[in-house]
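Q:
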Amino acid sequence: AFTLKKLHWFDEKNIDLFLGTPVTGLDPQNRTITTAKRKKIGFTSLVLATGSSPFVPLPKALDLPGVFTCRTLTDARKIEEAAMKASSVVIIGGGLLGLEAAHFLSLDGQREVTVVEMVPRILPRQLDETVASWLATKIQAAGVNLRMGTLVSEINYDDGHLTLTTPQETITADMILFSIGVRARTDLAQAANIAVERGILVNQFMETSVAGIYACGDVAQRGDVQIPLWLPAARMGQVAGHNALSVEKQTWEPPVSPAALSAFGTRIFSAGTLSGTLLEKVDNPEQGAHLYFEDNRLSGALLWGDTNRGMALVRAMEAQTPRTEVETLLA
């Protein structure tokens, strides 16, 4: 297991730690939570950090042998063990994690790997059409099958094999990995009439619609933005924890959150919105940059091959650096 703090740390900080204790109820009016053992715990301030769960549109499929999601270390170990015995693997979802899984599962050449993706092209939020087409070619050259624009409607298990039904075909596999994102665990907040959309709605102080109750991490939604990533979640937690205890409030605004892929013999870095006026700098087919500008300010950056300038471009986005200065970063 991964641990951020040893158990003695909680004792030293005078923190009561209740492991293996699900919270089943939240009463904002009486300022109490209720555990599965019907123990009530009162609070003045509360931070909801309930996280997220893998999204599986066909949840009954998880009861079938050889069907997995990857969220925990235990999940990863089970996937590794199953992959050693599998001659064919289907990954449902062509996002960053799905593609990284496809890369590693195909490295030893011991199994057929197929990626099934609902949208027509690879990574539509992180790549423009040109780079998506280039990456798809590299993925297929590595021996991974791509089924784009394909929706899985049914999964069955029979005679030791899994079958996936799509409008175009039926695919047979020994193992299936769902990798199509996460959904915030909002049930507790929703039952307590705290405002919820895709996540628990929070303001700049990470405070929910109920005063004194905060939310952070994967479960929090600021405006229309959710960022299920470790570093933003950690910062949200710092702000929520501080504000739960202090009169002097800190604020949090969604940062420019880059995405990175290291697979299939290349590296890709993407940040911001890939629309607007394009500045293209291609050193060779395996290395280049696409920068997008709105009102002469950098709005999006896409690097492939050499991604070393990625964070400098993110800082330029955050600082609203003029285009003329941004261009020098590519010199």
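Residue numbers for the sequence shown follow the numbering used here, beginning at 5 and rising by one.
Even glycine gets a Cβ: it sits at the ideal position worked out from N, Cα and C.
These numbers come from a predicted model, not from an experiment.
(1) Name, in chain order, the residues that DSSP records as bridge partners for PRO326.
(2) Based on DSSP bridge pairs, tell me the residues matched to ASP31.
(3) Compare the beta carbon distance of LEU265 and GLU133 with 9 Å and say whether it is the shorter of the two.
(4) May I ask you to list the residues that DSSP assigns as paired with THR311?
(5) Return the chain-ordered ranges of every beta strand (DSSP E) run that is complete within the region 213 to 259 and spans a minimum of 3 residues.
(6) If you run the structure through DSSP and keep just helix, strand and coil, what is PRO58?
(7) Using DSSP with H/G/I as helix, E/B as strand and the rest coil, what is ILE159?
(8) If PRO58 sits next to ARG75, beta carbons under 8 Å apart, how far is it from one beta carbon to the other, in whole angstroms?
(9) From ILE180, ALA86, ILE231 and GLU84, pick the residue whose C-alpha is nearest to that of LEU205; which is it?
(10) Distance check for ARG226 and VAL51, CA to CA, integer angstroms please.
(11) Taking the C-alpha atoms as reference points, what is the distance between ILE272 and PHE182?
(12) Identify every residue that forms a DSSP beta bridge with GLU211.
(13) With respect to the alpha helix (DSSP H) encompassing ILE143, which residues constitute its N-terminal and C-terminal limits?
(14) Restricting to Cα atoms, I'd like to know which of THR48, LEU278 and VAL251 is closest to ALA263.
(15) Is the distance from the Cβ of GLY221 to the Cβ of ALA248 below 9 Å?
A: Quick look at the numbers:
(1) Reading the sequence shown from its first residue, position 322 is the one you call residue 326. ARG301, per the DSSP bridge assignment.
(2) Start at 1 with the first residue of the sequence shown, and residue 31 comes out as number 27. According to DSSP, which records beta bridges pairwise, ASP31 is partnered with THR36.
(3) Start at 1 with the first residue of the sequence shown, and residue 265 comes out as number 261. Start at 1 with the first residue of the sequence shown, and residue 133 comes out as number 129. Cβ atoms of LEU265 and GLU133: not closer than 9 Å.
(4) Here residue 311 is taken as the residue at index 307 of the sequence shown, counted from 1. Answer by DSSP bridge pairing: none, since THR311 is not bridged.
(5) 217 to 219 and 224 to 226
(6) In the sequence shown, counting from the first residue as 1, residue 58 sits at position 54. It is a strand residue.
(7) The residue you call residue 159 lines up with position 155 of the sequence shown. Of the three classes helix, strand and coil, the one that applies to ILE159 here is strand, per DSSP.
(8) In the sequence shown, residue 58 corresponds to position 54, counting from 1. In the sequence shown, residue 75 corresponds to position 71, counting from 1. That belief holds up - the Cβ atoms of PRO58 and ARG75 are roughly 5 Å apart, short of 8 Å.
(9) Position 201 of the sequence shown, counted from the first residue, corresponds to residue 205. Closest option to LEU205, Cα to Cα, is ILE231.
(10) Counting from 1 along the sequence shown, the entry for residue 51 is found at position 47. Counting from 1 along the sequence shown, the entry for residue 226 is found at position 222. Spanning the two alpha carbons is a distance of roughly 15 Å.
(11) For this step, residue 272 is matched to residue 268 along the sequence shown. For this step, residue 182 is matched to residue 178 along the sequence shown. About 23 Å.
(12) By one-based count along the sequence shown, residue 211 stands at place 207. The partner list for GLU211 (beta bridge, DSSP) reads TYR218.
(13) Against the sequence shown, residue 143 aligns to sequence position 139. First-last of the alpha helix (DSSP H) with ILE143: 133 to 145.
(14) As a working mapping, residue 263 is identified with position 259 in the sequence shown. Ranking the options by Cα distance to ALA263, first place goes to LEU278.
(15) For this step, residue 221 is matched to residue 217 along the sequence shown. For this step, residue 248 is matched to residue 244 along the sequence shown. Their beta carbons are not under 9 Å apart, which means GLY221 does not touch ALA248 by this criterion.
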